[in-house]
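So the protein sequences, as listed, match chains Z and G. Numbering of the first sequence is given in my numbering, commencing with residue 17 and proceeding in unit increments. Numbering of the second sequence is given in my numbering, commencing with residue 17 and proceeding in unit increments.
Protein chains: 2
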Amino acid sequence: MEDVAARAGVSRALVSIVFRGVAGASDATRERVLAAARELDYRPDTRASRLGRSRTRTVGVTFSVGATFHGDLLQSLYTHADAAGYEVVLSGVTPDRTESAAVDTLLAERCEAIVALGSTLAAGTLARLAGQLPVVSVLRAVSGDVDVVRTDDAAGLQLAVAHLVELGHEHIALLDGGRAAGAAERRRGYRTGLRRAGELRELVIPGGLTELEGASAATEFLALGRSRPTAVAAFNDRCALGFIDVVRQAGLRVPHDVSVVGFDDIRQAAYPHVGLTTVRQDAERLGAAAIRTVDERLTGAAPGPATVIDPELVVRTSTARPPNRAKDPSSR
Amino acid sequence: MEDVAARAGVSRALVSIVFRGVAGASDATRERVLAAARELDYRPDTRASRLGRSRTRTVGVTFSVGATFHGDLLQSLYTHADAAGYEVVLSGVTPDRTESAAVDTLLAERCEAIVALGSTLAAGTLARLAGQLPVVSVLRAVSGDVDVVRTDDAAGLQLAVAHLVELGHEHIALLDGGRAAGAAERRRGYRTGLRRAGELRELVIPGGLTELEGASAATEFLALGRSRPTAVAAFNDRCALGFIDVVRQAGLRVPHDVSVVGFDDIRQAAYPHVGLTTVRQDAERLGAAAIRTVDERLTGAAPGPATVIDPELVVRTSTARPPNRAKDPSSR
DNA sequence: TGGAGCAACTAGAGCGCTCTAGTCGCGCAA
DNA sequence: TTGCGCGACTAGAGCGCTCTAGTTGCTCCA
C-alpha cells in the first residue's frame, strides 16, 4: 500500500479511500492510484482491512459438505451477500468436523453474523450462540432468539398429499426424515394432509437424507406386499430417488405402480430422465431472505419473527393415478 | 486479550504464548490464563493473529459448489490441513461466481498457497498464479510451475477396460468427459486399453460431469440398436448413474445387457442398491498429498514433479459377462 | 561464592489496513 | 475584504494480535 501511495504520489490514506470506493478523491487521482496498483499488482489485504474496519461486514456460513441442496443455497448466499456488500466466509461440516467446530472458526474470524444451513445443533446451543451475535437458521425451525428462514415444510407436505389425493390415491406413505432439519414439520404436514382428505390411512416409514435411506425405506415398502400404499411422499429428493431406484429394480413401475413425490427440487430432480414430482424449496429466495435478515439485524431494523417461504409443487412424471383397484373397475 | 491478561495477572504477551501453545509459560500460569479466558468467553481473533504472524499458515481452497467428489476431497483437506497446522479457507465456484473471482478472494486473504480442485482455469492463468504463490492443482494435470496432485486417470481407464475385457467384452464405449479436468487422460487410457486388448473397436460417446450428460449419452447409446456396445466406461460415477437410469428405463438390464463402470467412487456408488463398479479415486490420499505438497513448497523442501495416485478398481454389481453372442453359443 | 544457564515472564514495535481529525487552497456570498 | 464552506488530501492513532529483545529470579556447578 505504501508503495502504491508512493508511486501515485499520494498518501496511504488516499489509497485506502480509492480502494474502499468512498468519496474524497478526485477522478484523476483515483485513476492514478488504480494504475499504480495495477502496475504493482497490489490488492488490499482483507484481513487487515477487516481488522481496521469498525464493521467487518462478514457473514459466516456453516454448511454440510456434500448436501446437495446446500450447494444451491450457497450459490444464492454468495450472490445476495455480494449485492448487499457482505463477504461470505464458509465453514464446512464433515463427518469429522463437527458443526460446533465449524461455528468456532467463524466466531474466531469475528464474523458479524452466522447463517447456519440445516443446523443440527441443540436448540440451547443455538440460543446461546444467538446471544453473542445474530444467528439465522436456514431450513430448520428453532425457537428463541434465533432468526429462522425456512420453507413452510408442513404446507409442503400438505401440497404433496393433496396432489396425490387429487390423483386418486387413498393410501399414501411418508418416507420420514427422522431428526433432520424440517422433518418434524413435514411429518405434521403429512398428517394434516391425510386428515383433510378424510382420515386416510397413515403409514410412516423411516427414511432419511440420502438415497441410502430412501433405498432401505423401499425395501421396507416392498415387504408390505399387497397392502402397499399406492404412493409415497419422501422426506427429500435424494431419499425419493433412492426409493425409486430400488422399487424399479424390484419390477415396479414409477409412476404406474407407485407414485413418488420428493422435496427440495434439487437440480437432479428436473433432469428429463428423472422427472421427479417434488415440493420445491426456493433456494434463491431462501438465500436472499437469509442475507436480508442478517442485514436487518445488523442495521437495527427488526426482522420479522421468521421468514417462512411458501413451497411450490412441481409436477413432473413420477406421479400419476393409482393402479386399478377392485373398487374402481371402470377406469382403464 | 487485555482483559484476559489482567484477570490472570499476566502480560498480554503471555496470553499470546498460551494460546499459541508454544513454550514459555508454566503449567500453573497456563491454566490460570485458560481459566480467565473461559470466564470471559475470550477467543483469539484469527484475523489479527494472521496479520501479526510472519506466516499465516493458511491454505485457500477453490472448489465447485455441488460437485459431489469435491465434497469428499474437502473433508480430507480439512483433516490433513488441521494435522499439519494449517487453516483452510474455502472459496466456492458457482455458475455466477467464476473460478477467478474465487481465486481473487483467496489472494486478498493472503493465503500462503492455493489448492484448486478440478480447476478449469486456462493453463496460462494458472501458471501466472503459480508465479505469485504455490498452487496445487488437484484432479487436473497442468504443465508448468503448478504442482499437480491427481489420480492416474489413464491408468484408471485402462483398469476399467481391462476389467471389461476380462469379462469377455469386445465392444466397449467411452462416455467422454469433454473438456473436464482429467477427461483427456481418461480418453487416452481408454484407447490404450483397447489397443492392449487387441485393437478393439473404439466408440466415444459425448458425456460429461453429471447425470444429465450420462442420460443423453444413454439416448445416443440406445439409438445404436443392434450395433450397441456391450459395455461402457463412463467419465465419472454421476455420468454412469445417469446412463444406467436411462438404459434401465428403456428396458435394458444392467449388468446383464450392458455393463457399466464409473470413475471416482463417490459415496453413492457404494450404496448397496447402486453397486456401481468403478475406478476409485482416493479422496483421502489426494487430500493428504495436496496438503503435503503445499507444506513442502512452503518449507522449502522440493516436492516431486507431480503426485500421481494409482486408482483402484472396485468391482461391484454393474459389470458382468456380456450377453450371449453367436460367436459363443456354448455359454448359458 | 560467583557466574553460567535457564525457565518464566514483559515491553513494545510491528502487521496492513481504517478512520477521525485535521490542513490546505479555492471559490463565492456578504 | 472577510470569512465560510467545500472538495481534496494527509497525519497518525488505532484494530488485536505476534514476536524479538529484553529482564528477573532461580538452580547448579566449578
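We put the CB at the ideal spot given by N, CA and C, even for glycine.
- Taking 9 angstroms as the cut-off, the Cβ atoms of Val152 (chain G) and Ile130 (chain G) count as close.
- Annotation: Asp273 (chain G) has no Cβ neighbours in chain Z at a cutoff of 8 angstroms; minimum Cβ distance is about 14 angstroms.
- Apart from the 5 residues on each side of it in sequence, Ala176 (chain G) sits with its Cβ closer than 6 angstroms to the Cβ of Ala249, Val277 and Val295 in its chain, given in chain order.
- At the C-beta level, Ala197 (chain G) and Gly134 (chain G) come within 9 angstroms of one another.
- Taking all protein chains shown into account, Ser243 (chain G) has fewer than 16 neighbouring C-beta atoms within 10 Å of its C-beta and is therefore exposed.
- The C-beta separation of Gly258 (chain G) from Ala231 (chain G) comes to about 4 angstroms, placing the pair in contact by the 8 angstroms criterion.
- Residue-level contact by beta carbon fails for Gly303 (chain Z) and chain G, as no gap is shorter than 9 angstroms.
- For the pair Pro319 (chain G) and Ile307 (chain G), the Cα-to-Cα distance works out to about 11 angstroms.
- Nearest in C-alpha terms to His86 (chain G), of all of G:Ala124, G:Val330, G:Thr323 and G:Asp298, is G:Asp298.
- For Glu103 (chain Z), the enclosing beta strand (DSSP E) starts and ends at Glu103 to Val109.
- At a cut-off of 9 angstroms between beta carbons, Pro60 (chain G) contacts chain Z.
- Proximity of Val20 (chain Z) to chain G, defined by a Cβ-Cβ separation below 9 angstroms, is not satisfied.
- In this chain, Glu218 (chain Z) is not harboured by any alpha helix (DSSP H); it is covered by the beta strand (DSSP E) spanning Arg217 to Pro222.
- Among the residues of the region 232-265 of chain Z, those with a Cβ less than 8 angstroms away from any Cβ of chain G are Ala234, Gly258, Asp261, Val262, Arg264 and Gln265, in the order of the chain.
- The Cβ neighbour count for Asn340 (chain G), taken over all protein chains shown within 10 Å, is under 16; the residue is labelled exposed.
- When DSSP reads this structure, Thr74 (chain G) sits in a beta bridge with G:Glu103.
- Annotation: the continuous beta strand (DSSP E) that includes Val276 (chain Z) extends over Ser275 to Asp280.
- Secondary structure at Ala189 (chain Z): strand, using DSSP grouped into helix, strand and coil.
- Residue contact check for Pro111 (chain Z) against chain G: a CB pair falls below 9 angstroms.
- Taking 7 angstroms as the cut-off between beta carbons, the residues of the region 87-103 of chain Z near chain G are Gly87, Leu90, Gln91, Tyr94 and Thr95, in sequence order.
- Nearest to Asp161 (chain G) by C-alpha distance, out of G:Ala143, G:Leu155 and G:Asp168, is G:Ala143.
- Boundaries around Arg166 (chain Z) are those of the beta strand (DSSP E), Asp163 to Thr167, since no alpha helix (DSSP H) includes it.
- Taking 9 angstroms as the CB threshold, Glu312 (chain G) stays off the interface with chain Z.
- A direct Cα-to-Cα measurement between Pro245 (chain Z) and Gly316 (chain Z) gives close to 51 angstroms.
- Residue pairing for Val324 (chain Z): DSSP places it in a beta bridge opposite Z:Arg166.
- Contact annotation: Val77 (chain Z) and Ala39 (chain Z) have beta-carbon atoms that are not nearer than 9 angstroms.
- For Val290 (chain Z), no beta strand (DSSP E) run applies, since DSSP gives it neither H nor E.
- In terms of CA proximity to Glu47 (chain Z), Z:Val31 leads the group Z:Ala118, Z:Thr323, Z:Ala336 and Z:Val31.
- Uninterrupted alpha helix (DSSP H) stretches at least 4 residues long and entirely within the region 215-269 of chain Z occur at 227-238 and 253-265, given in chain order.
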